[in-house]
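In our numbering, the protein residues as written are 102 to 578.
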């Protein structure tokens, strides 16, 4: 297993990364991007930390050790351990998940399942390639990103119906030793600081979309691959005013494939258009489990911060405040219960892989997404307007101002410093760029709200519900 410093060193490989219009030669040294690198290194630091080692590290088949993330889940208990590790990593990351191994292994599990089905149906040999690539990532303790969402262009048209043929990633050439791909993906998390990039289809495809039915993996430093890092979030230096976002950040990229060559042994889907949708959905079944697991520290923080600022403000006994906090408690505990139930209700897929229950995990994600903005509103109402008007770090450190701040901004049983620090924490997670990031992710990350509703409807046991209605109404079949 690698150390955090070995991980950082692996990123100095000539990858093509742009940030705010400038080419970044070393992402580990860039003042804004190294924050994301150091944040993501938590996945490696936790494995070396005695407090987390038993959770983060497991025996490797054949001897030695490996990250738990690479452990293919076989039981509900395996999924629960994975949930606990994701939650612990996100808590250490200040409500932002490291995601270096979480999302990549979600994709690897899905590829195993679809590769198995495809090989049995078509006589292909994809599973051997997938297994070899999985072992490569596992045995070298690699960081992985997943590029799934195509830029799409005209969303009312399919991939092959677009005026611009490269709005979805497609194969433009087949060679004896591999394929050449072209196109672009968006929302690619942690790509600028990963080692390997796994590419998956984003949707179900038709027969005319055969060229777009591709799944593969390439090193991030591959020729023709360009990453444009979103500037959203920027770089905040003050840990007093931004206790979370000054130390933790995840970056997203526009990920461009300009005639990228993919070796044959790294191609996991090539033209089998009818398997693109199942692969996309199977990845989502694992990744939404990851998603709700890493939302748990965020909803816990909102609840705890609301209770504490109510105490500091001296309003914790007010009926409407207790009502809001009770709502936040129910919101957080319901999400946790649904996430655990998705693991406990898992089904056994091919190769003995345990898959979180799709219906339950989508209900969990829908519960989080549709009520997150209400949760933010409740916390902000309890905290008050000082969230956006309170003095900052420079004011606190000014000798002429500090006595005044200490005199006038204390709370019930607490001094001004503790109250200001809590207000800035709440502001960072609800009103800053980090707060906006969380708000948009709640709606769109890991699939839209409408996608979650579709899965809930598709997986619902409606026949069972209808049979009960007929029985009690006295309607014979």
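Even glycine gets a Cβ: it sits at the ideal position worked out from N, Cα and C.
Check, Outcome
"Exposure label - residue 458; buried when at least 16 CB within 10 Å", "buried"
"Check whether residue 512 and residue 520 have beta carbons under 7 Å apart", "yes"
"Alpha carbon of residue 159 to alpha carbon of residue 420, nearest angstrom", "48 Å"
"Rounded C-alpha distance that separates residue 200 from residue 320", "17 Å"
"Where residue 512 falls: helix, strand or coil (DSSP)", "strand"
"One or two residues paired with residue 609 in a DSSP bridge", "Because the chain spans 102 through 578 in this model, residue 609 falls outside it and cannot be assessed."
"Identity of the residue in 134, 224, 233 nearest residue 365 by Cα", "233"
"Identity of the residues DSSP links to residue 370 by a beta bridge", "316"
"Of the residues 155, 254, 371, 268, the one placed nearest residue 308, counting alpha carbons only", "371"
"Helix, strand or coil at residue 466 [DSSP, three-state]", "helix"
"Distance between beta carbons of residue 322 and residue 119, contact taken as under 8 Å", "The Cβ separation is near 15 Å, so there is no contact."
"Where residue 333 sits in the DSSP three-state scheme", "coil"
"Of the listed residues 292, 167, 277, nearest to residue 238 (C-alpha basis)", "167"
"Assigned secondary structure, residue 150 (DSSP; H/G/I helix, E/B strand, else coil)", "coil"
"Buried or exposed (CB count within 10 angstroms, at least 16 for buried), residue 502", "exposed"
"Counterpart residues of residue 355 in DSSP-defined beta bridges", "329"
"For residue 265, the first and last residue of its enclosing beta strand (DSSP E)", "Looking at the DSSP string, residue 265 is not in any beta strand (DSSP E), and its letter there is neither H nor E."
"Spatial neighbours of residue 172 in its chain, beta-carbon cut-off 7 Å, leaving aside the 5 residues before and after", "159, 179"
"C-alpha gap between residue 469 and residue 509, whole angstroms", "38 Å"
"Counted within 10 angstroms of its Cβ, other Cβ atoms place residue 562 as buried (16 or more) or exposed", "exposed"
"CB of residue 488 within 7 Å of CB of residue 533, strictly", "no"
"Spatially closest choice to residue 294 from 115, 362, 187, 335, by CA coordinates", "115"
"Reduced DSSP secondary structure (H/G/I, E/B, other) of residue 140", "helix"
"Local conformation of residue 473 per DSSP, three classes", "helix"
"Nonlocal neighbours in the same chain, by C-beta distance under 6 Å from residue 451, ignoring five residues either side", "214, 217"
"Residues near residue 360 in its chain [Cβ-Cβ closer than 6 Å; skip 5 each side]", "281, 283, 325"
"Residue 299 - partner residues in DSSP beta bridges", "247, 318"
"Candidates 317, 345, 310, 568: closest to residue 192 by CA position", "345"
"For residue 176, three-class secondary structure by DSSP", "coil"
"Contact set for residue 290: own chain, Cβ-Cβ below 7 Å, skip 5 residues either direction", "200, 204, 246, 351, 353"
"Backbone CA spacing between residue 575 and residue 409 [nearest angstrom]", "55 Å"
"Same chain only: Cβ atoms within 6 Å of residue 272, ignoring 5 sequence neighbours per side", "280, 282, 312, 315"
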